[in-house]
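Below: one structure, written as structure tokens.
Number of protein chains: 2
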Amino acid sequence: MSRHEEPSYVPDFVPGEVLTTLGVSKVVESGHQDYKLGDLVWGMTGCEEYTLITNLESHFKINHPELPLSYYTGVLGMPGLTAYAGFFDVAKPKKGDYVVVSAASGVVGQLAGQLAKISGCYVVGSAGSDEKVNLLKTKFGFDDAFNYKKEQDLNATLKRCFPEGIDIYFENVGGAMLDAVLLNMRLHGRVSVCGMISQYNLEQLEGVRNLFCIVAKRIRMEGFIVMDHYSNYRKFEEEMAGYLKEGKINYVEDVTEGIESFPTALIGLFYGRNVGKQLVAVARE
Amino acid sequence: MSRHEEPSYVPDFVPGEVLTTLGVSKVVESGHQDYKLGDLVWGMTGCEEYTLITNLESHFKINHPELPLSYYTGVLGMPGLTAYAGFFDVAKPKKGDYVVVSAASGVVGQLAGQLAKISGCYVVGSAGSDEKVNLLKTKFGFDDAFNYKKEQDLNATLKRCFPEGIDIYFENVGGAMLDAVLLNMRLHGRVSVCGMISQYNLEQLEGVRNLFCIVAKRIRMEGFIVMDHYSNYRKFEEEMAGYLKEGKINYVEDVTEGIESFPTALIGLFYGRNVGKQLVAVARE
Numbered sequence: 001m002s003r004h005e006e007p008s009y010v011p012d013f014v015p016g017e018v019l020t021t022l023g024v025s026k027v028v029e030s031g032h033q034d035y036k037l038g039d040l041v042w043g044m045t046g047c048e049e050y051t052l053i054t055n056l057e058s059h060f061k062i063n064h065p066e067l068p069l070s071y072y073t074g075v076l077g078m079p080g081l082t083a084y085a086g087f088f089d090v091a092k093p094k095k096g097d098y099v100v101v102s103a104a105s106g107v108v109g110q111l112a113g114q115l116a117k118i119s120g121c122y123v124v125g126s127a128g129s130d131e132k133v134n135l136l137k138t139k140f141g142f143d144d145a146f147n148y149k150k151e152q153d154l155n156a157t158l159k160r161c162f163p164e165g166i167d168i169y170f171e172n173v174g175g176a177m178l179d180a181v182l183l184n185m186r187l188h189g190r191v192s193v194c195g196m197i198s199q200y201n202l203e204q205l206e207g208v209r210n211l212f213c214i215v216a217k218r219i220r221m222e223g224f225i226v227m228d229h230y231s232n233y234r235k236f237e238e239e240m241a242g243y244l245k246e247g248k249i250n251y252v253e254d255v256t257e258g259i260e261s262f263p264t265a266l267i268g269l270f271y272g273r274n275v276g277k278q279l280v281a282v283a284r285e
Numbered sequence: 001m002s003r004h005e006e007p008s009y010v011p012d013f014v015p016g017e018v019l020t021t022l023g024v025s026k027v028v029e030s031g032h033q034d035y036k037l038g039d040l041v042w043g044m045t046g047c048e049e050y051t052l053i054t055n056l057e058s059h060f061k062i063n064h065p066e067l068p069l070s071y072y073t074g075v076l077g078m079p080g081l082t083a084y085a086g087f088f089d090v091a092k093p094k095k096g097d098y099v100v101v102s103a104a105s106g107v108v109g110q111l112a113g114q115l116a117k118i119s120g121c122y123v124v125g126s127a128g129s130d131e132k133v134n135l136l137k138t139k140f141g142f143d144d145a146f147n148y149k150k151e152q153d154l155n156a157t158l159k160r161c162f163p164e165g166i167d168i169y170f171e172n173v174g175g176a177m178l179d180a181v182l183l184n185m186r187l188h189g190r191v192s193v194c195g196m197i198s199q200y201n202l203e204q205l206e207g208v209r210n211l212f213c214i215v216a217k218r219i220r221m222e223g224f225i226v227m228d229h230y231s232n233y234r235k236f237e238e239e240m241a242g243y244l245k246e247g248k249i250n251y252v253e254d255v256t257e258g259i260e261s262f263p264t265a266l267i268g269l270f271y272g273r274n275v276g277k278q279l280v281a282v283a284r285e
């Protein structure tokens with residue numbers, strides 16, 4: 001149980017046990033008729049060189065081994081499906097929609113923004129450093145981006161970025177950003193709630209004051225979890241593999257070598273040291 | 001513009017002009033080919049004995065004059081359609097759902113709760129006096145009800161009323177009630193946001209702190225306004241007229257006589273003096 005007295009959707013880590021992470025694995029021994037030696041799969045695995053996979057309901061065989069296998073921890077795996085489900089199934093975009101993505105330089109945010117561009121939307125991202133803002137505008141094709149740490153008044157920032165208002169908010173942070181977005185939403189706006197990371201480590205949660213906008217503007221705000229969308233995985237995998245091959249989606253990775261680099265790579269995440277998806281290469285094909 | 005710097009969905013009152021209200025009218029003169037002398041209509045009219053109706057897009061002819069005509073200002077009119085649209089179209093109930101309604105003794109709340117009972121749901125209402133709580137349990141068939149002014153801890157109250165959690169919240173008040181409901185929602189719960197009356201006259205809006213529940217529980221929170229649902233009016237009118245004739249829906253009115261009683265009746269609303277829908281009878285059939 002988390003300190004909010006509510007169960008989370010991921011079991012709490014028990015000290016002494018092997019950490020779990022998203023990984024790509026090759027079958028070296030199998031007791032299951034559907035899996036044979038040499039099959040490639042992705043899913044939640046132990047952070048170890050050899051791992052026992054029993055949770056097959058959250059593993060998928062890899063259908064596009066011609067693409068980098070590492071992509072299956074990111075753009076072709078759970079983070080990719082998260083962006084896809086949250087943007088298409090929850091936010092239900094229309095061509096020409098005005099879209100804002102928070103924590104936009106994270107893998108999910110990057111992809112949500114690029115899927116919005118592919119869908120003919122206007123997309124602005126928020127991120128926490130000038131380097132990330134620059135990456136959003138150059139590498140990931142966002143129409144605009146801003147460093148929220150440098151903005152005095154997020155309401156004014158959003159009014160500047162969206163003079164006609166916002167149709168879709170792909171929400172990763174919560175708190176003050178959500179409050180400012182609500183004031184700038186258009187009629188029938190949608191808030192697709194992927195996470196509220198600004199609130200997770202606060203002793204005292206921030207209050208969101210502008211929820212009255214939900215009535216006057218008929219806003220739909222909806223949370224989602226990728227596991228509920230696994231039935232769409234094959235459709236997503238084909239579509240995303242196509243975008244990658246056509247160069248319509250850009251994706252970057254930061255790779256460290258060897259299982260012994262895992263602790264450093266993990267801790268680096270909390271300091272924002274990585275720019276692309278952080279990977280640890282344990283073995284290579 | 002309201003003090004929240006956002007346009008409301010009803011134009012601000014201009015001192016010196018005639019007040020508007022929901023009314024039932026009989027046509028005494030008509031310049032429109034679809035309306036003839038003696039036709040009965042309901043919609044937004046001036047608070048006066050004779051009124052000029054030009055906003056025909058928000059007026060409807062009355063199809064069931066065999067029921068009390070006054071019902072068309074309430075259970076068969078805009079408040080009724082509000083409850084119907086917010087409960088069926090927005091909250092999308094399933095048989096057996098656990099439902100909580102705030103401001104439940106108001107006309108919309110009463111009807112939302114009774115529609116929930118007709119749909120096979122378990123319904124609890126909150127209200128602001130013991131008299132109202134009693135009315136909910138006796139007259140309107142709620143399974144349970146509580147006086148929120150007497151509860152120390154709304155979270156504990158809801159845990160007591162809903163040991164298995166809440167599927168649907170028909171939201172009329174916002175603030176602390178919404179925060180407590182979010183903590184008690186079940187997976188895939190729905191918050192149908194009809195209003196947030198607790199916030200409308202505050203100098204400093206209350207913050208809602210438990211929005212992180214929206215992700216973990218995949219909650220959908222959606223605002224609505226009855227005008228968006230006028231296309232369903234005829235379907236609603238037939239269904240509700242049927243429930244009234246079968247005695248499946250109870251409805252109470254407080255009637256004062258004469259246009260001169262209007263100011264007293266209006267001011268009484270702010271003190272909660274009325275129990276049923278407050279009406280002013282200007283002329284009778």
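Protein chains in written order, with this note's numbering: chain A, 1 to 285; chain B, 1 to 285.
Cβ atoms here follow ideal geometry from the backbone N, Cα and C, with glycine treated the same way.
Since we're looking at a predicted model, the values are computed, not measured.
Between the segment 73 to 80 of chain A and the segment 89 to 100 of chain A there are fewer than three C-beta pairs closer than 8 Å, too few to call the two in contact. Residue 239(A) and residue 24(A) have their alpha carbons spaced roughly 20 Å apart. DSSP, reduced to helix, strand and coil, places residue 83(B) within a helical segment of the structure shown.
Using a Cβ-Cβ cut-off of 9 Å, residue 270(B) is close to nothing in chain A; its nearest Cβ partner there is about 19 Å away. Nearest CB-CB separation between residue 78(A) and chain B: not below the 8 Å threshold. When Cβ pairs closer than 8 Å are counted between the two stretches, the segment 179 to 193 of chain A is seen to touch the segment 147 to 164 of chain A, the count reaching three or more. Within chain A, 207 and 209 have C-beta atoms less than 9 Å from the C-beta of residue 206(B), given in sequence order. Distance from the Cα of residue 194(A) is smallest, within the candidate group 224(A), 266(A) and 28(A), for 224(A). Residue environment for residue 192(B): buried (at least 16 other C-beta atoms within 10 angstroms of its C-beta). Contact annotation: in the segment 129 to 157 of chain B, no residue has its CB less than 9 Å from a CB in chain A. Taking C-alpha positions only, residue 115(A) is separated from residue 273(B) by approximately 55 Å. The Cβ of residue 225(B) sits closer than 8 Å to at least one Cβ of chain A. For residue 236(B), the uninterrupted alpha helix (DSSP H) segment begins and ends at 233 to 245.
Short of 8 Å from the beta carbon of residue 176(B), and not among the five residues preceding or following it, lie these beta carbons of its own chain, in chain order: 154, 198 and 206. Taking all protein chains shown into account, residue 237(A) has 16 or more neighbouring C-beta atoms within 10 Å of its C-beta and is therefore buried.
Using a Cβ-Cβ cut-off of 8 Å, residue 94(A) does not count as an interface residue toward chain B, since no Cβ of chain B sits closer than that to its own. Contacts with chain B at 8 Å (Cβ-Cβ) include residue 217(A). Collapsing the DSSP output to three states places residue 102(B) in coil. Residue range 220 to 223 is occupied by the beta strand (DSSP E) that includes residue 222(B).
When Cβ-Cβ separations below 8 Å define contact, residue 273(A) makes no contact with chain B.
Counting other Cβ atoms within 10 Å of its Cβ, residue 257(B) stays below 16 and is therefore classed as exposed. In terms of beta-carbon proximity, residue 168(B) stays away from the interface with chain A, with every pair separated by 8 Å or more. Counting only runs of 3 or more residues that sit fully inside the segment 131 to 201 of chain A, the beta strand (DSSP E) segments are 144 to 147, 166 to 171 and 185 to 193, in chain order. Look at residue 229(A) here: in three-state DSSP terms it is helix. Fully enclosed alpha helix (DSSP H) runs of no fewer than 4 residues occupy 78 to 84 of the segment 28 to 96 of chain A, in order along the chain. Using a CB distance cut-off of 8 Å, residue 193(B) counts as an interface residue toward chain A. Chain B has a Cβ within less than 8 Å of the Cβ of residue 199(A).
Inter-residue distance for residue 220(A) and residue 94(A) is about 15 Å (C-alpha atoms, whole angstroms). No Cβ-Cβ contact shorter than 8 Å links residue 275(A) with residue 187(A). Under the three-state reduction of DSSP output, residue 115(B) falls in the helix class. For residue 228(A), the C-beta contacts it makes with chain B under 9 Å involve 188 and 218, in order along the chain. The residues 108, 111, 112 and 115, in chain order, have a CB closer than 7 Å to that of residue 83(B) in the same chain once the five nearest residues on each side in sequence are set aside.
Residue 214(A) reaches chain B at 193, 221 and 223, counting residues in chain order whose Cβ is nearer than 7 Å. Nearest Cα to residue 46(B) within the set 30(B), 247(B) and 18(B): 18(B). Under DSSP, residue 20(B) takes part in a beta bridge, and its partners are 46(B). Close partners of residue 174(A) in chain B (Cβ separation under 8 Å): 211 and 212.
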